[in-house]
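Trainee: Supplied in structure tokens, the structure appears directly below.
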């Protein structure tokens, strides 16, 4: 994670520690992996014991929550940059992958979408907005990922944006997808802060959500409802997998909906 790219200038050290690990745990969650250990490398402009203590408070509090051991890493002088590698275990042949989506599958997403992007959009005029917590401290859906093994056909975490990341699943699986924009789950805070047009754009392409987007057979709907209840987690059906290729988003009338952008592009 790099200053000014993956997190706003002035983000607290504790929040940086949390997020640096959370985004890596989200990758493990998307594969149905049980977290085991991690490494941490820091590039810092100067030695600052107070900053490092704060960073480790956030980092280790999340690591302890998931039983993750910090086993090594490195430090160097340079522009602020954080590099974490997290590793976990899955049963042989049991990992959730991006290439298993099948025509006719439902498309689902955990939690809500657009909160982090909303916080970023409000950053200049309201840097302490209630949505900021979703930007600084995303919740990696590790328990959901573990529970989806054997239930989901394909899975990805939403980091660059829903349409972009679902597009990766479609490309790897050789299928297409139809997303119902009116079905995208939104928090009350997001609804209260943006109009419908702005909110839809944030949900579809804002990114930084770190929710799980997965596909599953229609016959799995009841099992997914039970899973959502057992985890006390909102899981929403937002579309279906189709033949062809690419992701098509449609509005409530079924007309194609074209986002201002489908997701974050580091080189765009």
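In my numbering, the protein residues as written are 338 to 605. Think of the CB as a built atom: it goes at the ideal place given N, C-alpha and C, for glycine as much as any other residue. Owing to the predicted nature of the structure, the values given are computational and were not obtained by experimental measurement.
Give a yes or no on contact between the region 565-574 and the region 375-389, applying the rule of three or more CB pairs nearer than 8 Å.
Mentor: Contact between the region 565-574 and the region 375-389 is absent, because fewer than three Cβ pairs lie under 8 Å.
Trainee: Could you say if the region 516-526 and the region 442-455 meet the contact criterion of at least three C-beta pairs nearer than 8 Å?
Mentor: The region 516-526, when compared against the region 442-455, does touch it at the 8 Å Cβ threshold.
Trainee: Taking residue 549 as part of the beta strand (DSSP E), name the residues at either end of that continuous run.
Mentor: Here the beta strand (DSSP E) through residue 549 covers 549-553.
Trainee: For the region 358-375 against the region 415-426, do three or more pairs of beta-carbon atoms, one drawn from each stretch, fall closer than 8 Å, so that the two count as touching?
Mentor: Touching, yes.
Trainee: Let me check understanding here. Comparing Cα to Cα, which of 358, 430, 369 and 433 lies closest to residue 397?
Mentor: Closest option to residue 397, Cα to Cα, is 358.
Trainee: Can you look up residue 479 in the DSSP assignment and give me helix, strand or coil?
Mentor: Correct three-state label for residue 479: helix.
Trainee: Shortest alpha-carbon distance to residue 481 belongs to which of 361, 551 and 511?
Mentor: Residue 481 has its Cα closest to that of 551, out of 361, 551 and 511.
Trainee: If you drop the 5 nearest sequence neighbours on each side, which residues of the same chain put their C-beta closer than 6 Å to that of residue 564?
Mentor: Correct list, in chain order: 484.
Trainee: What does the alpha-carbon distance come out to for the pair residue 607 and residue 459?
Mentor: Lying outside 338 to 605, the shown extent of the chain, residue 607 is not represented and no answer is given.
Trainee: Considering only residues of the region 442-487, which uninterrupted alpha helix (DSSP H) runs meet the minimum length of 4 residues and lie entirely inside it, listed in chain order?
Mentor: As far as the region 442-487 is concerned, its whole alpha helix (DSSP H) runs of at least 4 residues are 452-458, 469-473 and 479-485.
Trainee: Excluding five sequence neighbours on each side, which residues of the same chain lie with their C-beta closer than 8 Å to the C-beta of residue 457?
Mentor: Cβ within range, chain order: 345, 472, 543 and 545.
Trainee: Could you check if residue 451 is buried or exposed, using at least 16 other CB atoms within 10 Å of its CB as the buried criterion?
Mentor: Residue 451 should be labelled buried.
Trainee: Would you decide whether residue 465 is buried or exposed? Buried here means 16 or more other CB atoms lie within 10 Å of its CB.
Mentor: Exposed.
Trainee: Taking Cβ to Cβ, would you say residue 506 is nearer than 9 Å to residue 493?
Mentor: In contact: residue 506 and residue 493 (Cβ atoms closer than 9 Å).
Trainee: For residue 540 versus residue 454, is the C-beta distance shorter than 9 Å?
Mentor: Result yes, Cβ atoms of residue 540 and residue 454 sit closer than 9 Å.
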